[in-house]
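Heads up, the sequence shown is in our numbering, so the first residue is 95 and it goes up one at a time. For each residue, glycine too, the CB sits at the ideal point set by N, CA and C. These numbers were taken from a predicted model, which means no experiment stands behind them. Before any comments, here is the structure.
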Amino acid sequence: MNRLSIQTKITALIFFIVSFSLLLAGIIVISNFINTEEAELQKRALLSAQTIAEDGGIKSNITGSMEDKRKIRKRVETLRIIHHADYIVVMDMNHMRLSHPLPSLIGKRSNGSDEGPAFAELTYTTKAKGEVGTMIRAFVPIMNEEHQQVGVVLAGYKLPTFFEMIWDLRMEILFAGFISLLFGGWGSWLFASKMKKQMFNLEPHEIAQLVQERTETFNAMHEGIIAIDKEEKITIFNDKAKTMMGISGDVIGRSIAEVVPDTRLPEILELKKPIYNKELTVRNLNIHSNRIPIKVNNEIIGALAIFQDRTEVKKLAEELTGFKAFVSALRVQNHEHMNKLHTIAGLLQLGNPKKALEYVFQTAEEQEELTQFLSKNIKSESLSGLLISKVSRAKELGIHLHIDRNSRLHSFPEPLDEHDFVIIIGNLIENAFDSYRNKDVDEKNIYVSIEHDDEILSILVEDSGSGIPENVLPHIFTKGFSTKDSLDHGIGLYLIKEIVDRAGGTIQVESDLGKGTTFIVTI
């Protein structure tokens, strides 16, 4: 199917608008011209009638004999030609016509409906429609030397019709129309060209197809996507975002503050910079978001938020932290189990079965005591498993990891859960392990305590390792910052800070170089 280009359509539309506007303007101008012409004819008719009424010959003859009155017609006809009037009628006080364009009416009485006031010494104009068209008529009384009225002068001028005026102005109208249409068409083409460039030279059906494809693409994405313009009006709100936010219906064009007031997306318009990997609470949902300003030609025209339900992210975090820890714990326990078997076998070979039996009971009691303590006081299997694995890992490293037997954890404060605490405690203990990496001492101790009551939950992890230099301390929670050479460090403390900030908690760090470090997390 052959389609006209958008540029042709816009040009034709604008050209039509210009032409229609020009037509309306022409009608208005000609209407004003008619009114002006009518006022001008009224002045001319009055002037002609007054001139004839003041003529001395007419004044003297109108009261004379019949022979004198016949002279009036010739005099009036001369004056009519001079004043370019269509007709001039002179009447005496008996309403008898003494001059008239039709000779047959001269000497006969006039019975015009609009001439009565003129015989009462009034001067005025009227507009009357006759056989030859609309006439502008002026009535002026004729006064003698004694200021007595002796007659009336009627001067008539034909008012041109609308089409007659157009014909008289045809050259001006044609010239003005040609110039207007020429520049109107040229301007329309330029405007249409510029508009098409702004639309990337796309036709309407192509733009519609792109919008549909864009909408379906956003709806097919697994992440929630919300975009707003400079006025904080929603321009994109895909199906995944609606599902996560519990929103139905069309929200495009509505204010983001009205639909989802706690997205914190408008602050990107003020900051004018992106914020990546931020944990937010939106409508009681913990989401992981990236918020980015939308720029066109270096001008910010809106903001975009891409976010995921944090439940999936937490599962991934658990796999990346807890799973590694549990695998490590199994490896350590296997290694520890082999060492214990070797010890028992050695005692039996030395002929000391009693000592071997005592060793077995002692080892079992220690493991059973730790397991029972954690099961009773720490109401999270994931966290209990993490602590058991860290204790085993510490033994392998030659470190004594002491868990305060007064520790308690009954529930997780909102908006945190067990995955957050696995990240917090797991990373703090790993940092404590690393503190002994470059320190050769006989006793290596790490102390862990968890205190929990109705108002406060506090986590303490203390080591006697190498400590943190004073110049490094302000930067330890910065993403990617690490004193280690490995590329996979610099994330743990950053994640802890993000979690604690989200819960409205605090982190206190005390460190003495060469003596150790204490982390206290309070929520």
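Item                                                                                                                                                                           : Value
Compare the C-alpha of ASP155 against each of TYR541, SER142, ARG169 and name the closest.                                                                                     : The displayed chain sequence assigns Asn, not Asp, to residue 155. Residue ARG169 is the option with its Cα nearest to ASN155.
Give the secondary structure of SER159 by DSSP, where H, G and I count as helix, E and B as strand, and everything else as coil.                                               : coil
Which of the three DSSP states, helix, strand or coil, is assigned to LYS609?                                                                                                  : coil
From what residue to what residue does the alpha helix (DSSP H) around HIS513 run?                                                                                             : 512–528
So, is ASP356 buried or exposed, given that buried needs 16 or more other C-beta atoms within 10 angstroms?                                                                    : exposed
Give the DSSP-derived three-state secondary structure of ALA222 in the structure shown.                                                                                        : strand
How should GLU556 be labelled, buried or exposed, when 16 other C-beta atoms within 10 angstroms of its C-beta is the threshold for buried?                                    : buried
Quick check: the Cα distance between ASP582 and LYS573, rounded to an integer number of angstroms?                                                                             : Note on ASP582: pLDDT 49, under 50, position unreliable in the model; no value is reported.
Taking Cβ positions, are SER543 and ASP514 nearer each other than 9 Å?                                                                                                         : no
Which two residues bound the contiguous beta strand (DSSP E) that contains THR329?                                                                                             : 328–331
Looking only at its chain, what residues have a beta carbon closer than 6 Å to the beta carbon of ILE614, apart from the 5 residues adjacent to it on each side?               : LEU554, GLN602
Among MET237, ILE362, LEU398, which has the Cα closest to the Cα of LYS153?                                                                                                    : MET237
Report the partner residues of ALA321 according to the DSSP bridge assignment.                                                                                                 : ILE330, LEU398
Taking the straight line between their C-alpha atoms, what separation do you get for MET339 and LEU510?                                                                        : 19 Å
How is HIS504 classed by DSSP in three states: helix, strand or coil?                                                                                                          : coil
How about THR228 and ALA139: do their beta carbons lie closer than 9 Å?                                                                                                        : no
Go ahead and pull the three-state DSSP assignment for PHE233.                                                                                                                  : strand
Quick check on the burial criterion: 16 or more other C-beta atoms within 10 angstroms. Buried or exposed for ALA222?                                                          : exposed
Under 9 Å between the Cβ atoms of PRO360 and ILE350?                                                                                                                           : yes
How far does the alpha helix (DSSP H) with ILE250 in it extend, from its first residue to its last?                                                                            : Correcting the residue identity first, residue 250 is Gly in this sequence and not Ile. Careful: GLY250 lies outside any alpha helix (DSSP H), inside the beta strand (DSSP E) at 243–252.
Provide the residue span of the beta strand (DSSP E) that contains GLU240, from first to last.                                                                                 : Premise fails: GLU240 is in no beta strand (DSSP E) and is neither H nor E.
Assuming GLU373 contacts ARG596 under a Cβ cut-off of 8 Å, what Cβ separation, rounded to an integer in Å, is found between them?                                              : 5 Å
Can you name, in chain order, every residue of its own chain whose Cβ lies under 6 Å from the Cβ of SER383, other than the five neighbours on each side?                       : LYS372, LEU374, ALA399, PHE401
Using the C-alpha atoms, what's the distance from GLU134 back to ILE124?                                                                                                       : 15 Å
Given this structure, state the Cα-to-Cα distance separating SER478 from ILE562, to the nearest angstrom.                                                                      : 28 Å
Which residue wins for smallest C-alpha separation from ILE617, given the options LEU587, ILE518, ASN525, LYS538?                                                              : ILE518
Rank SER476, ILE369, LEU363 by C-alpha distance to the C-alpha of GLU393 and give the top, closest one.                                                                        : LEU363
Using the Cα positions of ARG167 and SER204, report the straight-line distance between them to the nearest angstrom.                                                           : 16 Å
Run through the stretch 136–190 for me and flag every whole beta strand (DSSP E) of 3 or more residues, listed as ranges in chain order.                                       : 181–186
Of all the options MET265, VAL390, GLY559, which has the alpha carbon lying nearest to the alpha carbon of GLY608?                                                             : GLY559
So, is HIS178 buried or exposed, given that buried needs 16 or more other C-beta atoms within 10 angstroms?                                                                    : exposed
Please report how far the alpha carbon of GLU209 lies from the alpha carbon of GLY158, in whole angstroms.                                                                     : 23 Å
Name the residue from LYS334, VAL184, ILE493, GLU326 whose alpha carbon lies nearest to the alpha carbon of GLU317.                                                            : LYS334
Leaving aside the five residues before and after HIS358 along the sequence, list all residues of the same chain whose C-beta is less than 7 Å from its C-beta, in chain order. : In the sequence as displayed, the identity of residue 358 is Arg instead of His. So the qualifying residues of the chain are LEU374.
Let me know if SER505 comes out buried or exposed under the rule of 16 or more other beta-carbons within 10 Å of its beta-carbon.                                              : exposed
DSSP has PRO387 in a bridge; who is on the other side?                                                                                                                         : ALA397
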